[in-house]
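Structure first, then comments.
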Amino acid sequence: MSRMSTAPRSSRLDPQLAEALNDHVSVEARSSFLYFSMASWAEVRGLTGFSTWLRAEASGELAHMNQFVDHLNDRGFQATFQALPQPRAEWSDVTVMFEDVVAMEHELAGRIDALIQTSHDKRDHFTGSFLQQFVPQQIADMAEADEILDRLRIVGRDGQGVILIDQELRARAGN
Ligand SMILES: [Fe+2]
Ligand SMILES: [Fe+2]
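First residue of the sequence shown? That's 2 in this note's numbering, and the numbers climb one at a time after it.
What follows is the structure, given as structure tokens:
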């Protein structure tokens with residue numbers, strides 16, 4: 002059975018664009034799972050500020066996933082879900098872990114950019130407008146991840162420096 006509804010043609014999503022948006026549901030979900038995995042790694046190593054910050058990011062990616070699901074369903078395309086790969090669970094230190102955070106946020110930004118391009122190509126301005134709301138947040142997320150990695154590289158393996166950053170992240174995450 003088709004996953005497209007019988008909604009009027011003008012409000013329907015282009016099938017190729019719909020599949021790309023639906024794939025992004027899984028991208029946000031696997032990003033969330035990786036953040037949750039990082040949060041657990043940090044938590045058991047006493048880095049509770051990192052853990053709090055990482056969990057907040059994990060919730061953020063789930064919220065984004067939910068917005069994509071809503072957009073698909075609202076436009077008459079039933080969102081579906083894919084099996085997620087098991088997220089990485091081991092890192093040699095917090096700096097190495099944060100390299101994965103940076104890579105993930107840059108990947109998310111690149112994918113949002115590609116989806117905006119596809120929505121333009123398909124002349125779907127509703128989807129273009131929907132996607133625009135993620136742009137400022139994604140830029141901020143990339144910049145914040147870059148900045149934290151820069152700071153971790155400055156302190157290196159100095160425990161006191163890592164603890165200072167841990168305290169700062171706890172404050173940023175708001176608890
Ligand atoms: Fe996201
Ligand atoms: Fe993010």
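Each residue gets a CB set at the ideal place from its N, CA and C atoms; glycine is no exception. Note that the structure is predicted; figures quoted are calculated from it, not measured.
Alpha-carbon to alpha-carbon, ILE164 and VAL28: By one-based count along the sequence shown, residue 28 stands at place 27. By one-based count along the sequence shown, residue 164 stands at place 163. VAL28 and ILE164: Cα-Cα distance of roughly 31 Å.
Near ligand 4: SER12 beta-carbon under 7 Å from a heavy atom: Looking at this structure, you won't find ligand 4 anywhere; what it does contain is ligand 1 and ligand 2.
Where PHE82 falls: helix, strand or coil (DSSP): The residue given as residue 82 occupies position 81 in the sequence shown. Here DSSP, grouped into helix, strand and coil, assigns PHE82 to coil.
At least 3 beta-carbon pairs within less than 8 Å: the region 94 to 104 vs the region 59 to 78: For the pair of segments examined, the region 94 to 104 was found not to touch the region 59 to 78: the number of CB pairs separated by less than 8 Å stays below three.
PHE37 beta carbon less than 8 Å from that of ARG13: Stepping through the sequence shown from its first residue, residue 13 is reached at position 12. Stepping through the sequence shown from its first residue, residue 37 is reached at position 36. By the CB criterion at 8 Å, ARG13 and PHE37 fall outside the cutoff.
Test item: CB-CB of ARG89 and LEU35 under 8 Å: Translated into positions along the sequence shown, residue 89 becomes position 88. Translated into positions along the sequence shown, residue 35 becomes position 34. Their beta carbons are under 8 Å apart, which means ARG89 touches LEU35 by this criterion.
Residue from GLU169, ARG158 and ASP24 whose Cα sits closest to the Cα of SER93: Position 92 of the sequence shown, counted from the first residue, corresponds to residue 93. Taking only the C-alpha atoms, the option nearest SER93 is ARG158.
Three CB pairs or more closer than 8 Å across the region 120 to 138 and the region 14 to 24: Contact between the region 120 to 138 and the region 14 to 24 is present: 3 or more CB-CB pairs across the two stretches fall below 8 Å.
Reference ALA110; option with closest CA among SER32, GLN79 and ASN23: Position 109 of the sequence shown, counting from 1, holds the residue named residue 110. For ALA110, the closest of SER32, GLN79 and ASN23 by C-alpha to C-alpha distance is SER32.
Whether THR53 touches ALA144 by CB criterion (8 Å): Taking the first residue of the sequence shown as position 1, residue 53 is located at position 52. Taking the first residue of the sequence shown as position 1, residue 144 is located at position 143. Taking 8 Å as the Cβ cut-off, THR53 and ALA144 do not qualify as a contacting pair.
Nearest residue (CA-CA) to LEU22, options HIS72, GLY47 and GLU44: Reading the sequence shown from its first residue, position 21 is the one you call residue 22. In terms of CA proximity to LEU22, HIS72 leads the group HIS72, GLY47 and GLU44.
Contact under 8 Å by Cβ, THR96 with LEU153: In the sequence shown, residue 96 corresponds to position 95, counting from 1. In the sequence shown, residue 153 corresponds to position 152, counting from 1. Closer than 8 Å, so yes.
DSSP-derived helix/strand/coil call for ASP159: Position 158 of the sequence shown, counted from the start, is the residue given in the question as residue 159. It is coil, neither helix nor strand.
Secondary structure, alpha helix (DSSP H): runs of 4+ residues fully inside the region 57 to 125: Considered as a whole, the region 57 to 125 harbours 95 to 122 as its complete alpha helix (DSSP H) runs of no fewer than 4 residues, in chain order.
Nearest-angstrom Cα separation, counted from ALA84 out to ALA1: Examination of residue 1 is not possible in this model, given that the chain is present from 2 through 176 alone.
Where ASP142 falls, given that 16 or more other Cβ within 10 Å makes a residue buried: Taking the sequence shown and counting its residues from 1, the one referred to as residue 142 is at position 141. The C-beta of ASP142 has 16 or more other C-beta atoms within 10 Å across all chains shown, which makes the residue buried.
heavy atom of ligand 1 below 7 Å from SER32 C-beta: What you label residue 32 is simply residue 31 of the sequence shown in a count that begins at 1. In this structure, ligand 1 has a non-hydrogen atom nearer than 7 Å to the beta-carbon of SER32.
Closer than 7 Å: LEU35 CB and nearest ligand 2 heavy atom: Taking the sequence shown and counting its residues from 1, the one referred to as residue 35 is at position 34. Placement of the Cβ of LEU35 at a distance of 7 Å or more from every heavy atom of ligand 2 is found.
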